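Here the sequence shown is numbered in our numbering, starting from 1 and rising by one per residue.
Don't be surprised by glycine CBs; every beta carbon is placed ideally from N, CA and C.
As the structure is a computational prediction, the values presented were derived from the model and not from experiment.
Here's the structure, in structure tokens; my notes come after.
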Amino acid sequence: MTDLLAKARTADTPTAEQPRPAGPQADEGTAHVSKGTRRRLGPGRALPFGRLIGPALLVLAWWAASASGYLDPRILSSPGTVFATAVDLVSTGRLQDNVLISLQRAGLGLFFGVSAGVILAVAAGLSRSGEYLLDGPLQIKRAIPSLAMLPLLILWLGIGEQMKVTVIALGVAVNMYINTYASLTGIDSRYVELAEGLDLSRATFIRKVVVPGSLPGFFVGLRLGVTSSWLGLIVVEQINATSGIGYMMFQAQQYAQSDVIIVGLVAYGIFGFASDAAVRAVERKVLSWRRTLAG
Numbered sequence: 001m002t003d004l005l006a007k008a009r010t011a012d013t014p015t016a017e018q019p020r021p022a023g024p025q026a027d028e029g030t031a032h033v034s035k036g037t038r039r040r041l042g043p044g045r046a047l048p049f050g051r052l053i054g055p056a057l058l059v060l061a062w063w064a065a066s067a068s069g070y071l072d073p074r075i076l077s078s079p080g081t082v083f084a085t086a087v088d089l090v091s092t093g094r095l096q097d098n099v100l101i102s103l104q105r106a107g108l109g110l111f112f113g114v115s116a117g118v119i120l121a122v123a124a125g126l127s128r129s130g131e132y133l134l135d136g137p138l139q140i141k142r143a144i145p146s147l148a149m150l151p152l153l154i155l156w157l158g159i160g161e162q163m164k165v166t167v168i169a170l171g172v173a174v175n176m177y178i179n180t181y182a183s184l185t186g187i188d189s190r191y192v193e194l195a196e197g198l199d200l201s202r203a204t205f206i207r208k209v210v211v212p213g214s215l216p217g218f219f220v221g222l223r224l225g226v227t228s229s230w231l232g233l234i235v236v237e238q239i240n241a242t243s244g245i246g247y248m249m250f251q252a253q254q255y256a257q258s259d260v261i262i263v264g265l266v267a268y269g270i271f272g273f274a275s276d277a278a279v280r281a282v283e284r285k286v287l288s289w290r291r292t293l294a295g
């Protein structure tokens with residue numbers, strides 16, 4: 001990166017062997033040449049709602065395959081059938097009831113997971129003793145999937161809501177810890193030395209140095225945590241549950257109702273896409289001082 005910047009400065013600075021031409025016409029010619037030879041290396045300008053193009057094309061391909069008869073409706077229902085089933089589930093209130101319960105579980109798991117992950121990352125990142133005590137166990141937990149702990153959690157907590165929220169929170173907390181801790185410990189040590197030279201208090205150091213430096217990793221962890229909350233929700237709602245989108249899908253499986261299963265999958269996909277888009281919007285607002293390829 002430093003070499004590229006040095007080359008850019010050298011290219012923009014005229015040398016003794018190659019003096020810059022004088023006069024307005026020479027300046028116009030130089031500007032024209034530089035613009036004509038400049039190569040675009042970035043991803044280009046962002047389009048409003050551009051991320052909807054991929055899902056729209058996927059639905060279009062699904063509809064075309066169903067309409068042409070390539071898809072057996074017994075295996076995968078057509079978009080029209082799925083839409084009609086969704087309308088019927090909404091009219092009976094079955095879909096709304098299950099969606100609200102699923103959102104409550106995912107929201108509680110996300111809240112507890114984010115809170116625990118950030119607290120642990122700060123404790124391990126700002127203290128050597130905290131790092132020695134916390135980082136090892138959390139790295140071990142990272143290697144153990146939360147779903148692998150289901151038998152033990154069921155033994156400890158039963159099969160109620162507490163177990164379901166705990167499974168979701170564990171997956172979220174690990175993602176939050178790993179990314180926030182990596183971003184926090186990646187802060188340039190020169191900023192720490194500068195804060196010590198200015199004799200900043202601990203609270204001011206955290207507010208002025210730690211928080212801005214760790215926010216990029218925090219948002220990466222938050223996006224992964226949101227995804228992890230939905231993944232955990234799908235699993236726990238199909239294990240001894242009596243409500244939720246996963247329970248609705250599990251019941252539909254018993255009666256070979258593929259349209260109801262797809263309605264549940266679409267609901268999971270919509271909530272996952274919308275929540276990720278919301279985190280992206282907040283990230284762009286909070287980190288508006290950065291100029292990145294994401295735009």
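Residue 213 carries a helical assignment under DSSP once its states are collapsed to helix, strand and coil. Inter-residue distance for residue 80 and residue 237 is about 27 Å (C-alpha atoms, whole angstroms).
Of the other Cβ atoms in all chains shown, fewer than 16 fall within 10 Å of the Cβ of residue 90; this residue is therefore exposed. DSSP places residue 179 inside the alpha helix (DSSP H), whose first and last residues are 161-185. By the C-beta density criterion, residue 125 is buried, having at least 16 other C-beta atoms within 10 angstroms.
In the three-state reduction of the DSSP assignment, residue 200 falls in the coil class, being assigned neither a helical nor a strand state. Assignment of residue 74 by DSSP, reduced to helix, strand and coil, places it in the coil class. In the structure shown, the three-state DSSP call for residue 48 is coil.
For residue 144, there is no enclosing alpha helix (DSSP H), as DSSP marks it with neither H nor E.
Collapsing the DSSP output to three states places residue 289 in coil.
Closest by C-alpha distance to residue 142, out of 165, 150, 170, is 170.
The three-state secondary structure of residue 242, taken from DSSP, is coil. Short of 7 Å from the beta carbon of residue 114, and not among the five residues preceding or following it, lie these beta carbons of its own chain, in chain order: 172, 176, 222, 225. Around the beta carbon of residue 180, 16 or more other beta carbons lie within 10 angstroms, which makes this residue buried. Where residue 257 is concerned, there is no enclosing alpha helix (DSSP H), because DSSP gives it neither an H nor an E. Ranked by how close their Cα comes to the Cα of residue 134, the residues 149, 189, 118 have 118 in first place. For residue 115, the uninterrupted alpha helix (DSSP H) run begins and ends at 94-125, by DSSP. For residue 158, no alpha helix (DSSP H) segment is defined, and its DSSP state is neither H nor E. Distance from the CA atom of residue 157 to the CA atom of residue 130, rounded to whole angstroms, is 28 Å.
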